[in-house]
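Novice:
Number of protein chains: 2
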Amino acid sequence: MQAGKASIRFEHPPLIVSEGSVVGRKEGEGPIGHLFDRVEQDDKWGKNNWEEAESQMQKEAVKLALSKGGLENTDIRYLLGGDLLGQLIATSFGVMELNIPLFGLYGACSTMGEAMGLGAMLVGAGYADRVVSVASSHFATAEKQFRFPLGYGNQRPYSATWTVTGCGAVVLESADKMEKKNKTDLGHAMITGVTTGKIVDLGIKDSMNMGAAMAPAAFSTIIQNFEDFGVEETWYDKIITGDLGTVGRTILLDFMKEKGHNLTEIHMDCGIEIFDPKSQDTHAGGSGCGCSAVTFCSYILPRIRQGIWKRVLFVPTGALLSTVSFNEGQSVPGIAHGVVIEHRP
Amino acid sequence: MQAGKASIRFEHPPLIVSEGSVVGRKEGEGPIGHLFDRVEQDDKWGKNNWEEAESQMQKEAVKLALSKGGLENTDIRYLLGGDLLGQLIATSFGVMELNIPLFGLYGACSTMGEAMGLGAMLVGAGYADRVVSVASSHFATAEKQFRFPLGYGNQRPYSATWTVTGCGAVVLESADKMEKKNKTDLGHAMITGVTTGKIVDLGIKDSMNMGAAMAPAAFSTIIQNFEDFGVEETWYDKIITGDLGTVGRTILLDFMKEKGHNLTEIHMDCGIEIFDPKSQDTHAGGSGCGCSAVTFCSYILPRIRQGIWKRVLFVPTGALLSTVSFNEGQSVPGIAHGVVIEHRP
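First to last, the sequence lines map onto chains W and G. Under the working numbering, the residues of the first sequence are numbered 63 to 407, in order. Under the working numbering, the residues of the second sequence are numbered 63 to 407, in order.
1) Which residues, in order along the region 100-112 of chain G, keep a beta-carbon less than 9 Å from a beta-carbon of chain W?
2) Look at SER117/G and PHE155/G and say whether their C-beta atoms are less than 8 Å apart.
3) Leaving out five residues on either side along the sequence, give the residues of the same chain with a beta carbon under 7 Å from the beta carbon of ALA280/W.
4) Taking GLU390/W as the query, report the chain G residues whose CB atoms sit under 8 Å from its CB, ordered along the chain.
5) How about TYR214/W: is its C-beta nearer than 8 Å to some C-beta of chain G?
6) How big is the Cα-Cα spacing for TYR220/G and LEU141/W?
7) Report the residue from GLN286/G, SER384/G, MET252/G whose alpha carbon sits nearest the alpha carbon of ARG365/G.
8) Could you compute how far the alpha carbon of HIS74/G sits from the alpha carbon of ALA237/G?
9) Using the Cβ count rule (16 or more neighbours within 10 Å means buried), how would you classify GLU176/W?
10) Which residues in chain W have a C-beta closer than 8 Å to the C-beta of TYR168/G? List them in chain order.
11) Report yes or no: is there a C-beta of chain W within less than 8 Å of the C-beta of PHE291/G?
12) Would you please verify whether the beta carbon of GLU176/W is less than 8 Å from any beta carbon of chain G?
13) Looking at MET178/G and VAL124/G, is the spacing between their C-beta atoms short of 8 Å?
14) Report yes or no: is there a C-beta of chain G within less than 8 Å of the C-beta of THR258/W?
15) Quick test of your reading: HIS250/G and LEU77/G, contact by CB under 8 Å. State the CB separation rounded to the nearest angstrom.
16) Along the chain, where does the alpha helix (DSSP H) containing PHE376/W start, and where does it finish?
17) Rank LYS321/W, THR357/W, THR223/W by C-alpha distance to the C-alpha of THR344/W and give the top, closest one.
18) Could you check the C-alpha separation between VAL79/W and SER129/W for me, to the nearest Å?
19) Can you tell me where the beta strand (DSSP E) with PHE165/W in it begins and where it stops?
20) Since VAL293/G is in the beta strand (DSSP E), which residue starts that stretch and which ends it?
21) Let me know the secondary structure DSSP gives LYS300/W once reduced to three states.
22) Helix, strand or coil for ILE266/G, going by three-state DSSP, please let me know.
23) Does the beta carbon of ASP263/G come closer than 8 Å to any beta carbon on chain W?
24) Does the beta carbon of LYS183/W sit closer than 8 Å to a beta carbon anywhere in chain G?
25) What does the Cβ neighbour count give for PRO211/W, buried or exposed, with the cut at 16 atoms within 10 Å?
26) In chain G, which residues lie less than 7 Å from ALA68/W when you measure between Cβ atoms?
27) Exposed or buried, which one is ASN287/W when buried takes at least 16 other CB atoms within 10 Å?
28) Between MET272/G and ALA355/W, what straight-line distance do the alpha-carbon atoms span, to the nearest angstrom?
29) Could one say the Cβ of ILE403/G lies closer than 8 Å to chain W's Cβ atoms, at least one of them?
30) Does the region 195-215 of chain W come within contact of the region 314-330 of chain W, defined as at least 3 CB pairs closer than 8 Å?
31) If you check the beta carbons only, do ARG192/W and GLU235/W fall under 8 Å apart?
32) When DSSP builds the beta bridges, which residues end up paired with TYR140/W?
33) Can you find the residues in the same chain that come closer than 6 Å, C-beta to C-beta, to LYS300/G, ignoring five residues on each side of it along the sequence?
34) Please state whether DSSP places THR326/G in a helix, a strand or coil.
35) Run through chain G and tell me which residues come within less than 7 Å of GLN118/W, C-beta to C-beta.
Printed below as a string of structure tokens:
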């Protein structure tokens, strides 16, 4: 099942059987706001602080994914998840009461790709009938941890992105299990391959330009995917990055063009889709683990199920920003995890 | 290959073919100090700061594991690793130049168990011929992040543990690959099962008593392992926890006794083995991801290879301590990941 140097092709591709997406008010007001399962108006979700709010989002997204699939927590073998906060507190406190064996993951904003890739590998190998993959971010918890107190009201350069307040969760299931159920009217989405990212560092030292830090990682993973599977961009209906934003997208397209690949038409970036930069003052776009996770669940997945897109390369992108290493003069390396998702009638 | 509710039994158990352990001066002066591959006297490893030192330890430990196995970085399909620092900076910057596809993991001090468990699952499924699992901690980076500046010279209660400065790395290899090589004189160690932990929270709110926070998680994983495999403590020669220390060990043995299991003779804790509390002023014992990782590589693994211990349940334990959630009044939940390792002649 090894394909090439960093990819897996599944003999038994797991199905994405259900999903849940919850977001904050700003995301709900954006161009794809009507597609989310739940839009919460209170940025604290009725809790005492933003961190508890992010945990609550994780709980709600997972529970939504379970209930939409007609599943209980006891039907899930493993939960794979993460967030941007130190020690993954959004995830730890969020999923605790679900009482599911947990693999805690950290891939910065690429975490949804890591969680879906590893989750598909566990299901594909027969280690699990069903897993949940989940990732979240919250604008206020991320700004507090990585940048400035919100009350400080710092100015943001146009290269900066806006951390999405949201959580997306998917249930992955063995296709064998699925055969036993009645087929739904819609088609299915299945994960047919995984390309695992390496850390890529081109020396970006601007914490307000994460797109530039991540674009080389996205480039590396997409090129690796092409090589490992022996394909080109024409094999895909869409190649979708996580949160490069407008600055990162330009860099990615340039890098790809230099290698002879024209991605202008088929590339999409979740960070560009989720906000309207003109009316929402979000500059280069959305970012955070939640950005690709909620855009996948609400916008991408239904289009694959319906067969509008037959084959998608989904590449959540992460910038390994840390205030500690950054203040010590280190650069911001990137990582991107690729997942191949195909329509099945 | 699913066994019980949270465990896997491998049809093709992966072998632990090589390992590397590097530690700091204090660990080198401890009871098992003579067993480590490398003891560094400079707590900054010749680098500019402690974080870079911890990254350097990761690089050295992985390179040692590779060279002892006669391997290059290109022989490794995936690297699974983590550390205690926010955004996993020790791992990210440490393994970057190795250029290996990376799954970043966070399980607090249980990370070595998570990395070995997931790594074994990837090898066991045929997704990888070989993976590296690695985890590190550094006393100074951990104190700086979680507690007080070192210069403050705070007093530590007797329930506190001392974060180990060290990194351990193992190479896991498909047994099929191994058959093709000449057998070594010593026997082998193979991973035959995995029991994945859940988050367990009994409401501990003392950041200076991590043993108490982790003991219920160790208990949960060990009992789950017994149930899933239909065994008792007599099936194992040793049940080895990561860093409960003396306080956590007492709680674990009490909990187990209440369930009718006497672990007094066969339980061992890496945190208790690694320091001499009398001469080294380490109070309840050692802790940190590095504690179980280096003790495993230097002390436990050779004994399994030699057949001194035929079957071991290795249970690295993690306390999900975060200064943010802790200061917001939250408790410190625990998680423990179990790996079954057996001798093979």
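For glycine and all other residues, C-beta sits at the position ideal for the given N, C-alpha and C.
Specialist: Taking the coordinates as given:
1) ASN110, ASN111
2) yes
3) THR303, LEU306, LEU314, VAL377, THR379, ALA398
4) ASN110, ASN111, GLU113, GLU114
5) no
6) 36 Å
7) MET252/G
8) 7 Å
9) buried
10) GLY144, GLN149, LEU150, GLY166, LEU167, TYR168
11) no
12) yes
13) no
14) yes
15) 5 Å
16) Element bounds for PHE376/W: not the alpha helix (DSSP H) but the beta strand (DSSP E), 373-377.
17) THR223/W
18) 11 Å
19) 164-166
20) Premise fails: VAL293/G is in no beta strand (DSSP E) and is neither H nor E.
21) strand
22) coil
23) yes
24) Here the sequence assigns Met to residue 183/W, which means Lys is not the residue at that position. Yes - at least one Cβ of chain G is within 8 Å of the one on MET183/W.
25) exposed
26) PRO163
27) buried
28) 33 Å
29) no
30) no
31) yes
32) VAL193/W
33) ILE328, MET330, TRP371, VAL374
34) coil
35) Those within 7 Å of GLN118/W in chain G number zero; the least Cβ separation is about 13 Å.
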